[in-house]
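This report refers to the structure that appears directly beneath it.
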Amino acid sequence: MVSMDSSAVWNAELTDGASAIVHEARVLIEAPDIVIQCPDGKLLDRWNLKLIDVDRSQNGVVLVSRGDALLTVFTPESAPRFELPDRPGGARPLAISQRLALYGLATAAVITVAWLLLPTLSSLVARRVPLHWERALGGSFTDLMIKSSCGTPQAKAALEQIKAKLIKSYSPKDPKERELLQGLEFQIHILPDPNINAFALPGGVILMTSGFLKSSSSPEEVAAVLAHEIQHVLQRHVMTQLVRSSILTFFWSVALGDYTGFLVVDPSTAYQLALLKFNREDETRADQGAVAMLDQAGISRRGFKTFFERTRTREKPWLGMISTHPSNAYRIQLLEQIQPDPRGNGSRNSVPDLLSVAETKALWAPCP
Amino acid sequence: MNSHDDQSHNPSNDPVQNILSQMKELAARPYEEYRGRFHGKGAELFVLMLKNFLLSVITLGIYMAWAKTERRKFFWQNLEFHGQRFQYTGTGKELFIGFAKVFGVYVGFLVLAKIARMVSPILEGAVSLAFGLALSVVVPYAIYGSQRYLMSRTRWRGIRFGMEDAAGAYAKEFILGGLLTVLTLGLYSPILNNKLYGLIINNRRLGNASFRYDGDSRVVFCMFLKNLLLFVPTLGLYWFRYRAHLLRYRAEHTYLDQAHFGIELKGRELLGLGLLNLFAVPLTLGLALPWVAIYNMEFVINRLSLKGQVDFAKIEQRAADGKALGDAVADALDVGLAF
């Protein structure tokens, strides 16, 4: 909306919409009309204010149109403001600094609320994803993994044995976790990769690198890591991550609109950093669940501790803040805070060995 | 009453005499060079983008159609050519209806694929293949349709731009030329691009005045070959020189009435622009985007000119054409213009 000065006259240019001829003109406002005159004052036309469209001022020019006819009103800073009589509900336009402050604060508020609500919303949605959807997702991943995984039949059999022992005796308190435990078929695939790592994918697909298996000090260590990954699936961390990523990707694409041609920024870096806090909590809960799983299966917790102690030397202290996992020292500390090992001080396994010597050797040579 | 382009000549009953006298008048007029200017400021665009982001997020994306319209209005109405601003008359509502139709088709495909999956994997594969083939045919229609829509919603001096309904010819050239490009391992691509550019320009008009392109595919192909030979020895730097030469050639062979366009552009300037676009936005986490967009606009406009004689007085209005659906499909397939 533009302001009104009843005595003001503005220079303008008029095109009638039938041809491209431009006529110089003068404009004044005499409600209910805009009066358009020739430079000598002769009347050219009158446009009723209710029948015109006005486009907001674009740097010294206001475009007023009626049908195909166009009036370009020049509004340099030295000229009075070109304003139409206020219509009900109309308001003076804000200055650019005021608009910046308004939209900036509103955007900050929306982002803050979204930041606070995102973990809860993602978790709520993830918990409601039907079991058959997750199973179908798992099926898709399995099809992919078969092509890139390795593993001798003996190594795979050893892993299946550990998995069976963990799952058979585990009874989670959460009914949703129980449903997942009974409904999902956990599949373990070995990736030919020298790095020490393990991943959980939706649908109960768990990946372990050959590097991890070769370097493991005992089957209990493998059981501890496997239990940890199974907990990520049961606690729906993986699905929550997927939902969270989808929501953030959606908002990012909404924000971009059609600017993809200009954009080079990779959003995953920016929001992965933002997600670290949630991942650390998930890792801690997965550790706690894994300990419960090991205890119920009668498997020593020692494997967990030896894994953290062994891999602690590989940690880079400066990575602490940006790592997706809590530091191993912190995790060892947490282990010691959980209720005491039911097998005593955990220094020796008081139940029969998890795997035979031959099975353990097969685990240490997972890929041909 | 004064007008810029008033033509006063004595009327005659002999049409041949009329034409001859008009030509004499045009020839007598001094050679003109028409230039443009962009008035938009980075701060204004930043505020607009912020508002668009906020409202799009709050409305879960529904506002995007209006956001796109506002953005176009900003760019169009800050663009001045020969003293007059462009107008953008499209509305968010028509874009939204276009988007809704495209979304509806996509949902329809998903439902069909799901039903097919329940029947048999082979049927699902057939449905996906059919959809993929249909998409490849839709792409050129979407490109042409998007341009046609944009032209129909663009005015200068109140006169609408427009494009003739030649989507079929464009699609045919696109698809057959595309196949030929694959068969020739890319060698046909400069000729194809030249032909497609020609189809767009030759069907474009401002009111009743037509644009025209007479660029020779052989010349363009020679430029391409030179680039192919010099690309590796110059570690890719020659590509910018080639691109600048191609843009200059295209401009000089694009006409409006008796005038031809021109662009003063060097390869090193394009290289500088490319580097700016590549680094400025990511290094500022996207905050510099509005200023980079304005700089890109000014870069082109400050170098562009229309040289020769244009009888603006003879340019008259024509009926509107073009639907927002073409623009929506182009957007969905990511083949539209950057605006």
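Chains A and B, in that order, give the protein sequences. Once you know that position 231 of the first sequence is 547 in our numbering, the rest is easy, because the numbers rise by one and skip nothing. Once you know that position 67 of the second sequence is 69 in our numbering, the rest is easy, because the numbers rise by one and skip nothing. Every residue, glycine too, gets a C-beta built ideally from N, C-alpha and C. On a predicted model such as this, the values are computed, not experimentally measured, just so you know.
Rounded to the nearest whole angstrom, the CA to CA distance from B/F226 to B/I177 is 21 angstroms. The beta-carbon distance between A/L330 and A/L387, rounded to whole angstroms, is 5 angstroms. This is short enough to meet the 8 angstroms contact definition.
In the three-state scheme derived from DSSP, where H, G and I count as helix and E and B as strand, B/L50 is classed as helix. The DSSP-derived three-state label of A/A336 is coil.
Within chain A, no C-beta atom comes less than 9 angstroms from the C-beta of B/A261; the nearest is roughly 14 angstroms away.
For A/K484, the closest of A/V351, A/I563, A/G614, A/L367 by C-alpha to C-alpha distance is A/G614. Under the three-state reduction of DSSP output, B/H255 falls in the coil class, being neither helix nor strand.
Interface residue (Cβ-Cβ distance to chain B less than 7 angstroms): A/Y419 is classified as such. By the 16-neighbour rule on beta-carbons within 10 angstroms, A/W363 is buried.
The shortest CA-to-CA distance from A/A422 to any of B/N20, B/L57, B/S154 is the one to B/L57.
In the displayed model, A/T676 falls within a helix according to three-state DSSP.
Counting of Cβ neighbours within 10 angstroms places A/A602 among the buried residues, the total reaching 16 or more.
Runs of the beta strand (DSSP E) spanning 3 or more residues and lying entirely within the segment 100–158 of chain B occur at 156–158, in chain order. Close to chain A, meaning a Cβ-Cβ distance shorter than 8 angstroms, are the following residues of the segment 52–76 of chain B: L52, K53, N54, F55, L56, S58, V59, I60, L62, G63, M66, A69, K70, R73, K75, F76. The C-beta of A/A602 comes no closer than 7 angstroms to any C-beta of chain B. Interface with chain B (7 angstroms Cβ-Cβ cutoff): A/T423 is included.
In the DSSP assignment, B/E271 falls within the unbroken alpha helix (DSSP H) covering 269–285.
B/Q89 counts as buried, since at least 16 other C-beta atoms from the protein chains shown sit within 10 angstroms of its C-beta. A residue is called buried once 16 or more other Cβ atoms fall within 10 Å of its Cβ, and B/S148 is buried on that count. For secondary structure counted as the beta strand (DSSP E) over 3 or more consecutive residues, the segment 479–533 of chain A holds these complete runs in sequence order: 503–507, 514–517, 521–525. Remark: fewer than three beta-carbon pairs, one from each stretch, lie closer than 8 angstroms, so the segment 153–167 of chain B and the segment 130–141 of chain B are not flagged as touching. For A/R415, the nearest CB of chain B lies under 7 angstroms from its own CB, placing it at the interface with that chain.
Among the residues of chain B, those whose CB is under 8 angstroms from the CB of A/F567 are V59, following chain order.
Counting only Cβ-Cβ distances below 8 angstroms, A/L386 has contacts in chain B at Q89, R157, R159, G160, in chain order. With contacts defined as CB atoms closer than 7 angstroms, B/R39 and B/E82 qualify as a contacting pair. DSSP places A/N364 inside the beta strand (DSSP E), whose first and last residues are 359–364.
Excluding sequence positions up to five before and after B/I265, its CB lies within less than 7 angstroms of the CB of L249, R250, A253, R305, L306, all in the same chain and listed in chain order.
With a beta-carbon spacing of about 6 angstroms, B/N204 and B/Y215 fall inside the 8 angstroms limit used to define contacts. Taking 9 angstroms as the Cβ-Cβ cut-off, the segment 195–214 of chain B approaches chain A at L208, G209, A211, given in chain order. Taking 7 angstroms as the CB threshold, A/A334 lines the interface with chain B. Around A/L379, the same chain offers D371, L386, T388 as residues with beta carbons nearer than 7 angstroms, after the five sequence neighbours per side are excluded.
Among the residues of chain A, none has a CB under 9 angstroms from the CB of B/E126; the nearest is roughly 13 angstroms distant. Just so you know, the alpha carbons of A/V445 and A/P518 end up roughly 11 angstroms apart. Under the 8 angstroms Cβ criterion, the segment 531–549 of chain A does not count as touching the segment 427–443 of chain A, having fewer than three qualifying pairs. For A/T331, the enclosing beta strand (DSSP E) covers residues 325–331. Nearest to B/A173 by C-alpha distance, out of B/A69, B/V141, B/G127, B/R159, is B/V141.
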